[in-house]
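Everything in the sequence shown is counted per full-length UniProt numbering, starting at 1 for the first residue and increasing by one.
Everything on this sheet refers to the single structure shown next.
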Amino acid sequence: MSFFGKKIRLQRLLSGNGRLLSVAVDQAMARGIFEELMPIQRKVDEIASGGPDGITIHKGLVESCFAPFAGKTSLVLKCSTFSPWQPNYDAWVTSVLEGVRMGADAVSLGCIVGGDDQPEQIRNLGEFVAEANTFGMPVIAHIYPRGNKIPESEKMDWRHHAYAVRLGAELGVDIVKTHYTGDPQSFSKVIASTTCKVVVAGGDTGNDILSAFQMTKDVLDVGGAGITFGRFVWNNQNPTAVVRALSHIIHKDGSVQEAAQLYEDLTKTKIS
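Below, the structure is given as structure tokens:
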């Protein structure tokens, strides 16, 4: 029965076509306060109005902000966080059972590999997956190769990202979120290294809309499952329009040019 529960939740989360458009609003504990995420209720409202498949959010904000979207947008409950002072250690702060109680369609845990504390973090991830399997709960792991043993010049190397997503697959993770390695050729090797679905973070796309749309398209073209963006969406003056444009690429196989035109039509502005 737990396997069937996981299948139901994944079907809701992945919109039936195996792809994911999720938006994360879990950054404050990890990176500090962003004025662009204030007030948080307004931002969640704007994001959800765009129709993402899921929103990644911590438990306290589920209680205070997510109720209007219950049953309309999948809840991805974030169960760990790093901090501005310990950026390479993801502490497990929320249980899978809390995700079950809240009606989550997936639970999410971070894991930083390539550092001195990798053994502890992958042990946590393995235990987390085991707990989630008990309840038929899908796991999305945010796995980044940025530990202190990896030289700065190598942190975007495809081999390290391939290691990260393969580690996730071997521990039983359903979806791994990691960085895009910069070009379709190298990222195709990342995809080929694993059996689980892979989505990418927004990373350093900043406010460059066309670059983010192109990255999304490139990820899909080499077999990636989609995106989980944060700052790129909520830092925009119109998060609703950004989500709708991304959805056009991810769920309608739209082109970058079509997505850009849709964004311009919705915002009544020109992309510079």
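We treat Cβ as the ideally placed atom computed from N, Cα and C, and that holds for glycine.
Bear in mind the structure is a predicted one, so any value in this text is a computation, not a measurement.
(request) Please look up how many angstroms separate the CB atoms of Gly-110 and His-142, rounded, as I've assumed it's under 8 Å. (result) 4 Å between Cβ atoms; contact.
(request) Rounded to whole angstroms, what's the CA-CA distance from Ile-121 to Thr-216? Just pull it up for me. (result) Strictly speaking, residue 121 in this sequence is Gln, with Ile absent from that position. Gln-121 and Thr-216 have their C-alpha atoms some 29 Å from each other.
(request) Assign Ile-8 to buried or exposed, taking buried as 16 or more other Cβ atoms, counted over all protein chains shown, within 10 Å of its Cβ. (result) Exposed, because fewer than 16 other Cβ atoms sit within 10 Å of the Cβ of Ile-8.
(request) Keeping to the same chain, check which residues put their C-beta closer than 6 Å to that of Gly-203; ignore five residues upstream and five downstream. (result) Within the same chain, His-179 come within 6 Å of Gly-203 by CB-CB distance, once the 5 residues on both sides are set aside.
(request) Can you give me the Cβ contacts of Cys-196 inside the same chain, cut-off strictly under 8 Å, excluding the 5 residues immediately before and after it? (result) So the list reads Val-165, Gly-168, Ala-169, Val-173, Asp-174, Ile-175 and Val-176, once near-sequence residues are dropped.
(message) As an exercise, report each continuous alpha helix (DSSP H) stretch of at least 4 residues that is fully enclosed by the stretch 18–56, in chain order.
(response) Taking only runs of at least 4 residues, the alpha helix (DSSP H) segments lying wholly in the stretch 18–56 are 27–31 and 40–49.
(request) For Phe-4, count neighbouring C-beta atoms within 10 Å of its own C-beta (all shown protein chains included) and say buried if the count is 16 or more, exposed if not. (result) Burial state of Phe-4 is exposed, judged by a 10 Å Cβ sphere holding fewer than 16 other Cβ atoms.
(request) Taking the CB atoms as reference points, tell me whether Ile-271 and Ile-209 lie closer together than 8 Å. (result) Going by C-beta atoms, Ile-271 is nearer than 8 Å to Ile-209.
(message) Is it buried or exposed, Asp-183, if we count other Cβ atoms within 10 angstroms and call 16 or more buried?
(response) Asp-183 comes out exposed.
(message) Can you check which of these residues, Arg-31, Met-102 and Phe-82, is closest to Ile-112 by C-alpha distance?
(response) Of all alpha-carbon atoms in Arg-31, Met-102 and Phe-82, the one lying nearest the alpha-carbon of Ile-112 is that of Phe-82.
(request) Please state whether DSSP places Ser-255 in a helix, a strand or coil. (result) Looking at Ser-255 - three-state DSSP - the assignment turns out to be coil, as it is neither helix nor strand.
(request) Spell out the partners DSSP gives His-142 in its beta bridges. (result) Its beta-bridge partners are Gly-110 and Lys-177.
(request) Just grab the DSSP bridge partners of residue 321 for me. (result) An answer regarding residue 321 cannot be provided, because it is not within the stretch 1 to 272 covered by the chain.
(request) Determine the extent of the alpha helix (DSSP H) in which Thr-216 is found, giving its start and end residues. (result) Looking at the DSSP string, the run of the alpha helix (DSSP H) that includes Thr-216 is 209–221.
(message) Between Ala-70, Pro-52, Arg-31 and Asp-26, which has its C-alpha nearest Ile-40's C-alpha?
(response) Minimum Cα distance to Ile-40 is reached at Asp-26.
(message) Considering just the uninterrupted stretch of the beta strand (DSSP E) at Lys-189, what are its terminal residues?
(response) First-last for Lys-189: 184–192, but that is the alpha helix (DSSP H), not the beta strand (DSSP E).
(request) Please work out which residues of its chain come closer than 7 Å, Cβ to Cβ, to His-248, disregarding the five sequence neighbours upstream and downstream, and give them in chain order. (result) Excluding five sequence positions before and after His-248, the CB atoms of its chain that fall closer than 7 Å to its own CB belong to Gly-254, Glu-258, Ala-259 and Leu-262, given in chain order.
(request) Take Ser-264 as the anchor and find which of Leu-21, Pro-68 and Arg-244 has the nearest alpha-carbon. (result) Rather than Ser, the amino acid found at residue 264 in this sequence is Glu. The shortest Cα separation from Glu-264 among Leu-21, Pro-68 and Arg-244 belongs to Arg-244.
(request) Could you tell me whether the Cβ atoms of Thr-228 and Val-256 are closer together than 8 Å? (result) In this structure, Val-256 does not lie closer than 8 Å to Thr-228 by Cβ.
(request) Take residue 292 as the anchor and find which of Cys-65, Asp-53, Lys-59 and Gly-32 has the nearest alpha-carbon. (result) The shown model of the chain, from 1 to 272, leaves out residue 292, and the question about it has no answer.
(message) With three or more beta-carbon pairs closer than 8 Å as the criterion, would you say the stretch 28–38 touches the stretch 46–54?
(response) Contact fails: fewer than three Cβ-Cβ distances are below 8 Å.
(message) Is it buried or exposed, Thr-56, if we count other Cβ atoms within 10 angstroms and call 16 or more buried?
(response) Burial check for Thr-56: the Cβ neighbour count within 10 Å reaches 16 or more, so the residue is buried.
(message) Taking the alpha carbon of Leu-77 as the reference point, which residue from Asn-236, Pro-68, Val-23 and Glu-127 has its own alpha carbon closest?
(response) That would be Val-23, whose Cα lies nearest to the Cα of Leu-77.
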